[in-house]
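Undergrad: Quick one: this structure, given as structure tokens, is what I'll be asking you about.
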Amino acid sequence: MKNTFEGFVAGVKQQYEVAKNGMYSGYLLNPSPAQLRNLCLLLLENNWTKSDEEIVKIFFQVKEGVMLRKAIDNFDIEKFRPICNFLKGKSEKTNPVGLNLIAILVDYQPRPFNKYLKVNVNGNLEVRPEEKEEMQSIKTFDFGWTEPSAKEDISIKSIFNGKWSRIGAVLLFVLGSGYLLNQKFFPEKECMQWQKDHYERVDCSRVQQGIISSNEIMPIDNRLINLQKIEVNQQTQFFKNGEPLVWYSKSNGKVSFFNSYGINPETGKPLKPITKYMIDKYVLNQ
Numbered sequence: 042m043k044n045t046f047e048g049f050v051a052g053v054k055q056q057y058e059v060a061k062n063g064m065y066s067g068y069l070l071n072p073s074p075a076q077l078r079n080l081c082l083l084l085l086e087n088n089w090t091k092s093d094e095e096i097v098k099i100f101f102q103v104k105e106g107v108m109l110r111k112a113i114d115n116f117d118i119e120k121f122r123p124i125c126n127f128l129k130g131k132s133e134k135t136n137p138v139g140l141n142l143i144a145i146l147v148d149y150q151p152r153p154f155n156k157y158l159k160v161n162v163n164g165n166l167e168v169r170p171e172e173k174e175e176m177q178s179i180k181t182f183d184f185g186w187t188e189p190s191a192k193e194d195i196s197i198k199s200i201f202n203g204k205w206s207r208i209g210a211v212l213l214f215v216l217g218s219g220y221l222l223n224q225k226f227f228p229e230k231e232c233m234q235w236q237k238d239h240y241e242r243v244d245c246s247r248v249q250q251g252i253i254s255s256n257e258i259m260p261i262d263n264r265l266i267n268l269q270k271i272e273v274n275q276q277t278q279f280f281k282n283g284e285p286l287v288w289y290s291k292s293n294g295k296v297s298f299f300n301s302y303g304i305n306p307e308t309g310k311p312l313k314p315i316t317k318y319m320i321d322k323y324v325l326n327q
């Protein structure tokens, strides 16, 4: 039985249920057109495969000579509405181009759809002869793995026989109690929250209170955790080897500067790389 478009749709939907509770839950749990656009900009920092990049270019209708980031920035976000409706279950259908983009956003494999069709009933990708030869060379490479000897195979039963059973029970009780107490009084901080000018690690179950704590609590994103709002002046180094070291966001005539690319936590808009024009107007002329 060959793979079908319906099967691809079902697989993408299933992966979405996993991804919406993962690293990018802040964008996928209750997606809006703006959030999906921002997620695309965030994932732009990934080393996409050539096929992924082609999918993105097709969806955003990138013209030759136009930078991908600029095309995404200027894209009509209302065109994300059908994708939002599909992810929220308001629509059962979406076009193949949109579905391929969703597959990237939720990291569904195999993708895109034409690659999915080439996967056989055993879950293996049908490859060309030259690809098979390359794969075979990988399979025959000696990685240095060895099977454990019989002497190393110590059964759990032998450890807990006799007096060891009592010691084992005590150890399990102590370790178990310690783990529960640690989780209750010192919960692992697996989430983060924007606090004035930087992200702080917080307990995911923390109750949001006050003005500062009203910011969204989201799972830790290693791409954003080190983002900081910074002050700049005429002595600030804005570029290194032609690459921007400062990013900015403008809202209601006010410009905020940041130390890295990302999403402005206060406005939800993607940050832009600093330009000489912005430096001249908002730094040197102040």
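Each residue of the sequence shown is one higher than the one before, counting from 42 in our numbering. Glycine is no exception: its CB is placed at the ideal position from the N, C-alpha and C atoms.
(1) In terms of DSSP beta bridges, what is residue 65 paired with?
(2) Use the C-beta contact count for residue 266: other C-beta atoms within 10 angstroms, 16 or more gives buried, fewer gives exposed.
(3) Tell me the rounded alpha-carbon separation between residue 324 and residue 146.
(4) Look at residue 67 and residue 233 and say whether their C-beta atoms are less than 7 Å apart.
(5) Using CA atoms only, rank isn't needed, just tell me which of 80, 83 and 109 is closest to residue 94.
(6) Please go through the region 283 to 309 and give each complete alpha helix (DSSP H) segment of 4 or more residues, from N-terminal end onward.
(7) Let's test the definition: count the other Cβ atoms within 10 Å of the Cβ of residue 76 and tell me whether it reaches 16, buried, or not, exposed.
(8) Going by beta carbon distance, what residues of the same chain come within less than 7 Å of residue 53, once the five residues before and after it are set aside?
(9) Please state whether DSSP places residue 94 in a helix, a strand or coil.
(10) Alpha carbon to alpha carbon, what distance is there between residue 45 and residue 289?
(11) Does DSSP put residue 105 in a helix, a strand or coil?
(12) May I have the straight-line CA-CA distance separating residue 228 from residue 239, to the nearest angstrom?
(13) Return the chain-ordered list of same chain residues with a C-beta closer than 8 Å to the C-beta of residue 299, the five sequence neighbours on each side being excluded.
(14) With residue 74 and residue 113 assumed to form a contact (beta carbons below 8 Å), what rounded beta-carbon distance in angstroms separates them?
TA: Looking at the atomic coordinates:
(1) Here residue 65 is taken as the residue at index 24 of the sequence shown, counted from 1. Residue 65 is not bridged to any residue.
(2) Residue numbering aside, residue 266 sits at position 225 when the sequence shown is read from its first letter. It is exposed - the Cβ of residue 266 has fewer than 16 other Cβ atoms within 10 Å.
(3) Counting from one through the sequence shown, the residue named residue 324 turns up at place 283. Counting from one through the sequence shown, the residue named residue 146 turns up at place 105. Those two C-alpha atoms are separated by around 37 Å.
(4) Locating residue 67 in the sequence shown gives position 26, counting from the first residue. Locating residue 233 in the sequence shown gives position 192, counting from the first residue. In this structure, residue 233 does not lie closer than 7 Å to residue 67 by Cβ.
(5) Counting from 1 along the sequence shown, the entry for residue 94 is found at position 53. Closest option to residue 94, Cα to Cα, is 109.
(6) The DSSP assignment places no complete alpha helix (DSSP H) segment of no fewer than 4 residues inside the region 283 to 309.
(7) On the sequence shown, residue 76 is found 35 positions in, with the first residue counted as 1. Result: buried.
(8) By one-based count along the sequence shown, residue 53 stands at place 12. Only 140, 143, 144, 147 and 149 meet the Cβ criterion.
(9) Here residue 94 corresponds to residue number 53 of the sequence shown, with the count starting at 1. DSSP places residue 94 in helix when its eight states are reduced to three.
(10) In the sequence shown, counting from the first residue as 1, residue 289 sits at position 248. In the sequence shown, counting from the first residue as 1, residue 45 sits at position 4. Each residue's CA atom was taken as its position, placing residue 289 and residue 45 some 45 Å apart.
(11) As a first step, residue 105 is located in the sequence shown; it is residue number 64 there, counting from the start. It is coil, neither helix nor strand.
(12) Along the sequence shown, read from residue 1 onward, the residue named residue 228 stands at position 187. Along the sequence shown, read from residue 1 onward, the residue named residue 239 stands at position 198. Model confidence at residue 228 stands at a pLDDT of 49, short of 50, so the residue's coordinates are unreliable and nothing is read from them.
(13) In the sequence shown, counting from the first residue as 1, residue 299 sits at position 258. Here the set comprises 268, 269, 270, 271, 287, 288, 289, 290, 305 and 312.
(14) As a first step, residue 74 is located in the sequence shown; it is residue number 33 there, counting from the start. As a first step, residue 113 is located in the sequence shown; it is residue number 72 there, counting from the start. The pair is not a contact, with the Cβ atoms about 12 Å apart (cut-off 8 Å).
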